[in-house]
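Here the sequence shown is numbered in full-length UniProt numbering, starting from 1 and rising by one per residue. Virtual Cβ for every residue (Gly too), placed ideally from N, Cα, C. These figures come from a predicted structure and were not determined experimentally. Written below as structure tokens is the structure these notes are about.
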Amino acid sequence: MHPHLHTKDNTECEAVMLALEECHAKGFMWKAMGMCNDAKQELNRCLKGERMKHQSFNRSNVQDKKTVIRQKWKEIDENS
Numbered sequence: 001m002h003p004h005l006h007t008k009d010n011t012e013c014e015a016v017m018l019a020l021e022e023c024h025a026k027g028f029m030w031k032a033m034g035m036c037n038d039a040k041q042e043l044n045r046c047l048k049g050e051r052m053k054h055q056s057f058n059r060s061n062v063q064d065k066k067t068v069i070r071q072k073w074k075e076i077d078e079n080s
């Protein structure tokens, strides 16, 4: 598994990551025959869900920051 996936941000997907790693540890033929596909798809769904949570959180933060900036510009325009 890639090191950047094992971060504090993906703790909810850790069990799925470990399951995929265990599947990959069974050998090349196991992976080549598609025996790990279900685990990989489950990991993709989990990571997508985590990414969506982060995007939503970041969007709300950006909106808050934009509101503060607009208010400050409004105050500057009124005081000019």
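(request) Count the other CB atoms, across all protein chains shown, that sit within 10 Å of the CB of L20; report buried if there are 16 or more and exposed otherwise. (result) As a position in the sequence shown, residue 20 is number 20, starting the count at 1. Buried, because 16 or more other Cβ atoms sit within 10 Å of the Cβ of L20.
(request) Alpha carbon to alpha carbon, how far is C23 from H54? Give it in angstroms, no decimals. (result) Residue 54 sits at position 54 when you count from the first residue of the sequence shown. Residue 23 sits at position 23 when you count from the first residue of the sequence shown. Those two C-alpha atoms are separated by around 28 Å.
(request) Assign L43 to buried or exposed, taking buried as 16 or more other Cβ atoms, counted over all protein chains shown, within 10 Å of its Cβ. (result) Within the sequence shown, residue 43 is the residue found at index 43, counting from 1. Around the beta carbon of L43, a 10 Å sphere encloses 16 or more other beta carbons of the protein chains shown; the residue is thus reported as buried.
(message) Quick check on S60: does DSSP put it in helix, strand or coil?
(response) In the sequence shown, the residue the question calls residue 60 occupies position 60. S60 falls in the helix class under three-state DSSP.
(request) Whole angstroms is fine: what's the gap from residue 145's alpha carbon to S80's? (result) Shown here, the chain extends from 1 to 80; a query on residue 145 therefore has no answer.
(message) Cutting at 7 Å between CB atoms, please list the residues of its own chain near K26, excluding the five before and the five after it.
(response) Looking up residue 26 in the sequence shown gives position 26. Answer for K26: no residue qualifies.
(request) Tell me the start and end of each unbroken alpha helix (DSSP H) in the segment 12-71 that is at least 4 residues and wholly inside, in chain order. (result) 14-25 and 28-32
(message) Measuring only the C-alpha atoms, how far is N37 from K31?
(response) The residue given as residue 37 occupies position 37 in the sequence shown. The residue given as residue 31 occupies position 31 in the sequence shown. Distance between the alpha carbons of N37 and K31: 8 Å.
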